[in-house]
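Below is one structure, written out as structure tokens; comments come after it.
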Amino acid sequence: MKKRPTTNDSRLTTHDSGPGTQDSGPEPSAPALDRRGFIRLASAAAASLAIPALSACDERARAQFLRRHFHELSPEEVKGLVKRLEADAKERFGRDCTIETKPAVQDASFGYALDISRCIGCRRCVHACVKENNETRDPEIQWIKVLEFHKDHGIDFPEANPYYCGPNDEDQNAPKTEYKAPENPLSPLNKKQKAILENQDIQYPLYQKADGGGSNQCAVPRQGRFYVPISCQQCRNPPCVKVCPVKATWKEPDGIVVVDYDWCIGCRYCMAACPYGARHFNWGEPQVAPGDINPKMHYLGNRPRRKGVVEKCTFCIQRSRNGQYPVCVEVCPVGARKFGDLEDPESEIRYILEHKRVLILKNELNTRPRFFYFYSV
Amino acid sequence: MRNSSLSFGAIGIVMGTILVWACSEDTAEHAGTADKKPAPKTAGAASATREVHTPPPPFTEGIFPCSECHKDMETNPARRDLTDEHTGIVFEHDSKNRWCLDCHNPGDRDKLRLASGALIDFEHSYLLCGQCHGPTYRDWKAGVHGKRTGEWNGEKRYYLCAHCHNPHSPRIKPIAPFPAPRPPEGRPFILGGPGK
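Residue numbers (this note's numbering), protein chains in the order written: chain F, 1 to 377; chain X, 1 to 196.
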């Protein structure tokens with residue numbers, strides 16, 4: 001430890017000799033600490049502690065600590081920030097990663113639609129999303145949650161079953177699955193499943209690869225059930241953004257609600273505010289095997305996170321800002337997921353909004369999602 | 001009373017104007033006045049969406065070209081159980097009213113035949129499906145039915161009907177799902193509200 005400030009600083013006693021004081025003689029040895037004095041002392045102590053603490057850590061960590069809000073950074077500062085983060089990522093995963101900060105596509109306004117009448121609940125989107133966006137495998141965070149509902153009851157959230165065809169499936173009528181816990185919690189997928197995510201074309205023709213017919217296997221879609229995958233609804237009136245006390249989350253011009261993981265203080269107000277359960281907190285240090293890291297990253301999207309911050313779906317910002325579909329759209333074997341520009345009258349999403357029966361989740365809350373569910377039959 | 005009827009009238013007029021305006025917009029759109037539409041984001045985006053790129057049709061291995069076997073055979077149009085070849089085909093596609101040669105061309109076996117008699121390649125089988133499944137074909141062309149990959153504002157790749165649907169038995173077959181999520185310890189699942 002370096003030098004501490006002396007406590008019998010003469011400034012602390014200056015207010016003690018005011019007109020209200022009864023004491024006759026000056027007593028410099030017993031100073032009364034009033035509010036202002038205390039704050040002075042505390043800030044002086046904090047500063048004297050912080051400076052040596054900061055100078056003790058390396059250049060990168062210091063710069064990271066003293067940086068300003070993302071919106072206040074000049075282009076040069078952003079470049080420096082990205083360089084620091086890339087170096088961090090390399091240190092952590094031993095791989096060269098690129099972190100881009102590409103701004104929104106001019107005049108684009110993203111929209112997403114999901115065909116509930118087509119979704120079969122195969123969860124390929126969930127795991128493709130985990131892989132693309134470097135979501136932690138253990139503890140497990142998945143931005144997409146696929147809920148199973150009864151066709152007779154409709155969308156009834158308390159009845160939702162997210163664990164269908166798994167070891168925690170409480171559905172008594174469902175065929176029981178022989179469950180084998182993954183040997184390595186860091187990579188829960190088997191070889192075949194990994195291959196599908198690597199090259200989705202091998203799942204076609206779909207009817208020939210329908211491997212779920214076996215006696216012990218649980219196959220989807222199950223009789224009398226339907227599936228509603230839920231992820232961030234990218235609200236135009238996002239309650240999560242409203243409650244953030246530090247502006248660590250905001251709406252981008254193309255409509256994507258993003259989080260600056262370096263600015264997030266982990267208060268989880270946004271999680272309480274989100275009516276869709278779409279935000280996820282890193283309760284533990286996120287773990288991804290270095291070999292599974294997607295090195296193509298965006299600052300506001302899939303770059304590595306730390307323990308204690310909140311994360312969420314960003315429409316695969318690193319893909320969508322480069323013209324690509326989000327990975328969930330690309331991997332969906334039945335084509336139930338649609339993505340596009342609401343401003344483009346030729347886009348699929350506009351066709352859906354103009355021609356199909358569209359459902360908005362929890363519409364009564366006036367969150368005005370950019371995510372629509374629709375029926376095509 | 002009078003006030004409210006007046007305001008209703010006013011609302012009516014406003015609604016009417018909006019309707020007329022909306023309709024005129026609509027007809028202008030259909031008449032193809034290009035200047036009304038905002039320009040596409042990237043050059044050639046609009047034209048690219050109209051082009052249909054599909055991966056090759058999903059033939060069973062070694063089955064194509066059909067003419068390899070069929071060229072010397074005499075065509076037997078009779079409805080019958082196939083016992084020698086194609087025994088794996090389960091035919092559940094309006095099988096009461098249809099038979100092989102309603103879609104497969106009896107002459108040049110490497111082609112499909114439309115109701116009009118026109119011959120098409122297997123790459124364009126969607127034309128054949130679209131003869132009966134009009135609304136679905138319309139959705140498919142718009143990119144809404146079926147899978148699309150590529151770029152949201154540029155070149156896209158369409159999958160054929162036969163990539164997902166078995167043409168002889170088109171209902172989607174159940175498949176094994178990827179692993180279920182692990183439940184958080186000691187907590188029931190909650191989605192922005194009380195769980196069970």
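Backbone N, C-alpha and C fix where the C-beta goes; we use that ideal spot for every residue, glycine too.
The beta carbon of X:G143 sits closer than 9 Å to some beta carbon of chain F. Per DSSP, the beta-bridge partners of X:R113 are X:L119. Residue contact with chain X for F:S376: present (Cβ-Cβ distance below 9 Å to some residue of chain X). Interface flag for F:K356 against chain X is set, since a Cβ pair is found closer than 9 Å. When the five nearest sequence neighbours on each side are left out, the beta carbons in the same chain lying within less than 6 Å of the beta carbon of X:T149 are those of R157, in order along the chain.
Residues of chain F whose Cβ lies closer than 9 Å to the Cβ of X:E123 do not exist; the shortest such Cβ separation is about 15 Å. Secondary structure at F:N199: coil, using DSSP grouped into helix, strand and coil.
Per DSSP, F:Y163 is not a residue of any alpha helix (DSSP H), being assigned neither H nor E. DSSP, reduced to helix, strand and coil, places F:V146 within a strand of the structure shown. For a Cβ distance threshold of 9 Å, residue set F178 and P179 of chain X lies close to F:H127, ordered along the chain. Taking a beta-carbon distance threshold of 9 Å, F:A219 counts as an interface residue toward chain X.
From the listed residues F:R137, F:F374, F:D254 and F:H298, the smallest Cα separation to F:D292 is found for F:R137.
Residue state for F:V257 is assigned as strand, using DSSP reduced to three classes. Interface with chain F (9 Å Cβ-Cβ cutoff): X:R182 is included. The Cβ-Cβ distance between X:W152 and F:G255 does not fall below 9 Å. When 9 Å is used as the limit between beta carbons, X:C164 is near these residues of chain F: Y204, P205, L206, Y207, P333, V334 and G335, in chain order.
Your pair F:G121 and F:E86 does not check out as a contact, with CB atoms roughly 38 Å apart and the cut at 8 Å.
In the structure shown, the three-state DSSP call for F:L206 is coil. As for any alpha helix (DSSP H) of minimum length 4 sitting wholly inside the segment 30–110 of chain F, the runs are 35–56, 59–66 and 75–93, ordered along the chain.
Going by DSSP, F:L359 is part of the beta strand (DSSP E) stretching over R357 to L359.
At a cut-off of 9 Å between C-beta atoms, X:D139 counts as an interface residue with respect to chain F. Residue F:P188 holds the alpha-carbon nearest to the alpha-carbon of F:V126 among F:F281, F:I360 and F:P188. Interface flag for F:Y164 against chain X is set, since a Cβ pair is found closer than 9 Å.
Secondary structure of F:R124 (DSSP, three-state): helix. Against chain X, the beta carbon of F:S231 has no neighbour under 7 Å; the closest one sits roughly 12 Å away.
With a threshold of 9 Å between beta carbons, X:T60 makes contact with chain F.
Rounded to whole angstroms, F:P275 and F:A195 show a C-alpha spacing of 35 Å. Nearest CB-CB separation between X:G154 and chain F: below the 9 Å threshold. Listed by position along chain X, the residues whose Cβ is nearer than 8 Å to that of F:L189 are F178 and P179.
The alpha-carbon of X:S67 is positioned some 9 Å away from that of X:K111. A direct Cα-to-Cα measurement between X:I172 and F:Y207 gives close to 7 Å. In this structure, X:C132 keeps its C-beta atom at 9 Å or more from the C-beta atom of X:G146. The residue from F:Q64, F:S74, F:A128 and F:H355 with its alpha-carbon nearest to that of F:N294 is F:A128. When the beta-carbon positions are compared, F:A108 and F:E343 come within less than 9 Å of each other. F:Q233 places its beta carbon less than 9 Å from that of F:F371. Non-local beta-carbon contacts of X:N105 in its own chain, meaning distances under 7 Å to residues more than five positions away in sequence, involve K111, L112, R113 and L119 in chain order.
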